[in-house]
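A quick write-up on the structure given underneath.
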Amino acid sequence: MNSSQKVVLRFPPELVERPLVCELALQFGLHFNIMRASISPHREGLMVIEIIGEKKKQEEGLQFLEENGLEVESLSQDIKMVEERCIHCGSCVGVCPTEALYVEKPSYLVKYDETQCIACEMCVLACPTHAMEALL
Amino acid sequence: MGEKLRTYEEINEKIRQGKAVVVTAEEVIDLVEEKGVEKVAQEVDVVTTGTFGVMCSSGAFFNIGHTKPRMKVSEAYLNGVMAYSGLAAVDFYIGAAQVAQDDPLNKIHPGEFKYGGGHVIQDLVAGKDVLLEAYGYGTDCYPRRKLVTWINLADLNEAYLFNPRNAYQNYNVAVNLSSKTLYTYMGVLLPKLGNANYSSAGQLSPLLNDPFYRVIGVGTRIFLGGGVGYVAWQGTQHNPGVERNERGIPKDGAGTLAVIGDLKGMNANWLWGVSMRGYGCSMAVGLGVPIPILDEETLYYCAVKDEDILAPVIDYSDAYPNGTGEILGYASYAQLRQGKIKIEGKEVPAASLSSYSRAREIALTLKDWIQKGDFTLTQPVLPLPGKDAGARFHNLPERPVNNGRVGR
Ligand code: SF4
Ligand code: SF4
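Line order of the protein sequences matches chains W and C. For the first sequence, the numbering used here puts the final residue at 139, and the numbers step up evenly by one. For the second sequence, the numbering used here puts the final residue at 1152, and the numbers step up evenly by one.
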């Protein structure tokens, strides 16, 4: 049965140029969707991808990447809402492209559904109380 | 409609006996729909309102007590944030929008503005120790020149919030027509009508429930920052003469309140230091006003609904910064709270900067205080300037200055 998961991949400088991620499709028959990609000034690469396919193949694919020197982390920890700091103002809701942040009714409390988050970090910019944290 | 139903004294007597009938400005809407204005006005003694939003024109006065030897402070910092000390020896005022002295501001745009006056006030109210660094130039009567010490709210002689402008009666909806992201006091505005930010508690907001300031005036006792405060004056930029709809609701920012209250009785949950990316520091303030139902008309105004209140949609890439006065259209708070409005044919996600859930909590808290007999109402000693008072907010008439001489 197909499922999906979001992962953060970190490439050390020596691996930035190697085409490793495409192997997920070629060797393991997985689909993937690049949500974010960047290379830092020290030339380390960072990629956030969603992998879709059989659970077993996903595990094998990620294991392959790790064996080749990539760091693999699950994305669920990526953007966090520190609830004690949230004043439920709503400033983050209008800038969130995926409705991961939404106003629950009738309570009018702002809620965060991390499964919908694509780690764009717009909420981190918009939140006036630093309640939205990027843990990258 | 004009018939008096009850006086302040009668309401307060019922409050003391624990018999006052109190509902929030939200609850009263359903009641009126069910029973009508006349019946509800007979039953209800007080309607409570509330708002919780970023209010930059806020701050606090302190007196720290004299040192030995004495010192006339001419420059002071609290946790690195400058406090105004052009007052008597050890009196200060700290403004919510004052940014920490070493903040890089917008040098790398958009700046983070991590810590400012609002955060200092929140830390003090939370009971945290705050670092005071003060300098003086030395006089015969006040010889000391430098002071570095921890201070705590509990040790201060006086500490009171004094906010020159809070509780705006209605406000703009901010959008961005340009092609770059804007960082404003109305939050992050995405390009090409990417989002719309508004900031009012609408049907729960104090001055929208008393649009003509019939009952709220100087001396009205209020909920302020989790404690008790008072309306001290009309707020700065109080502008009652704006256009109003058939219910008397202003179609633009109109009345404002200056408020005062003892910081020692307040709660850090209701005074919250905030950082507006690319703009600066500020403070979110919780404020609630009880409205005595003196007659049917007072109650009629309290039954205002989000759909009756319109806010102007303003472009913050041009119309606002350049003061052109152009309005793109109007949106009701009912539409805004649905999370989407239509502007120039485009569906735009709308988000509030002021917390409706917290506004509701304030109205409910105030209701609870009154029902328990802990909070009685005060009759204003002076009304706020009304719509015909001629008070009109205007722009600065700039006069050219040449070679240090005043030009004509
Ligand atoms: S990071 Fe982006 S997608 Fe995730 S919650 Fe924040 S704004 Fe929404
Ligand atoms: S912007 Fe921050 S404080 Fe406001 S609702 Fe979102 S997470 Fe909470």
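Every residue gets a Cβ at the ideal spot worked out from N, C-alpha and C, and that includes glycine.
How about residue i and residue j: are their beta carbons less than 7 angstroms apart?
i	j	result
W/Gly56	W/Asn5	yes
C/Pro1056	C/Asn939	no
C/Gln845	C/Gly1017	no
C/Ala898	W/Gly93	no
C/Thr792	C/Lys1111	yes
C/Ala1181	C/Cys800	No statement about residue 1181 of chain C is possible, as the shown extent of chain C runs from 745 to 1152 and does not include it.
C/Val975	C/Leu1001	yes
W/Met84	W/Tyr115	yes
C/Leu1080	C/Tyr942	yes
W/Lys9	W/Glu74	no
C/Ala926	C/Ile895	With the sequence shown as reference, residue 926 of chain C is identified as Leu, and Ala is not the correct amino acid for it. The answer is no: Cβ separation not under 7 angstroms.
W/Arg46	W/Pro16	yes
W/Pro131	C/Ser1019	yes
C/Pro984	C/Gly1130	yes
C/Leu725	C/Gly969	A query on residue 725 of chain C cannot be resolved here, the shown segment of chain C reaching from 745 to 1152 and no further.
Is any beta-carbon of chain C found at less than 7 angstroms from that of residue i?
i	result
W/Pro131	yes
W/Cys92	yes
W/Leu104	no
W/Val96	yes
W/Tyr2	The question about residue 2 of chain W has no answer here: the residues shown for chain W are numbered 4 through 139.
W/Glu138	It is worth fixing the name first, because residue 138 of chain W is Leu in this sequence and not Glu. Not an interface residue.
W/Leu128	yes
W/Cys123	no
Do you know offhand how far residue i's Cα is from residue j's?
i	j	result
C/Ser1061	C/Lys1090	18 angstroms
C/Ala785	C/Glu1040	5 angstroms
W/Glu87	C/Pro1144	51 angstroms
C/Gln1115	C/Lys851	52 angstroms
C/Glu787	C/Glu778	13 angstroms
C/Val798	C/Ser1098	7 angstroms
C/Met745	C/Arg760	With a pLDDT of only 49 at C/Met745, under the threshold of 50, the placement of this residue in the model should not be trusted, and no figure is reported.
C/Ala911	C/Ala1028	11 angstroms
C/Leu921	C/Asp1059	6 angstroms
C/Ala827	C/Leu849	18 angstroms
W/Ser2	W/Cys99	Past the edges of chain W, shown from 4 to 139, lies residue 2 of chain W, and the structure says nothing about it.
C/Glu819	C/Asn907	22 angstroms
C/Gly855	C/Val864	19 angstroms
C/Ile1004	W/Met135	32 angstroms
C/Gly979	C/Gly963	13 angstroms
C/Ile1085	W/Phe14	43 angstroms
Under the three-state reduction of DSSP, which class applies to residue i: helix, strand or coil?
i	result
C/Met930	coil
C/Tyr1060	coil
C/Met745	Reliability of the predicted coordinates at C/Met745 is poor, the pLDDT of 49 falling under 50, and no value is obtained from them.
C/Ser801	coil
C/Arg958	coil
C/Ala844	strand
C/Asp789	coil
C/Asp1039	strand
W/Val96	helix
W/His34	strand
C/Asp774	helix
C/Asp899	helix
C/Phe836	strand
C/Val784	helix
When DSSP builds the beta bridges, which residues end up paired with residue i?
i	result
C/Phe967	C/Val972 and C/Gly1032
C/Ser1019	C/Cys1025
W/Ile42	W/Gly48
W/Val11	W/Val51 and W/Glu76
C/Asn1164	Any question about residue 1164 of chain C goes unanswered here, given that chain C covers just 745 to 1152.
C/Arg988	C/Pro994
W/Arg107	The residue asked about is misnamed: residue 107 of chain W is Glu in this sequence, not Arg. Per DSSP, W/Leu112.
C/Ser1076	C/Leu1054
C/Gln978	C/Leu1001
C/Met826	C/Tyr821
C/Thr893	C/Leu876
With 7 angstroms set as the bound, which would you pick, yes or no: does the beta-carbon of residue i sit closer than that to a beta-carbon of chain W?
i	result
C/Tyr1100	yes
C/Pro1093	yes
C/Leu1015	no
C/Met1020	yes
C/Asn939	yes
C/Ala1028	yes
C/Val864	no
C/Val784	no
C/Val776	no
C/Gly1069	no
C/Val919	no
C/Met745	Note on C/Met745: pLDDT 49, under 50, position unreliable in the model; no value is reported.
Name the chain B residues that come within less than 7 angstroms of residue i, Cβ to Cβ?
i	result
C/Leu1097	Going by chain labels, chain B is absent from the structure shown, which instead holds the protein chains W and C.
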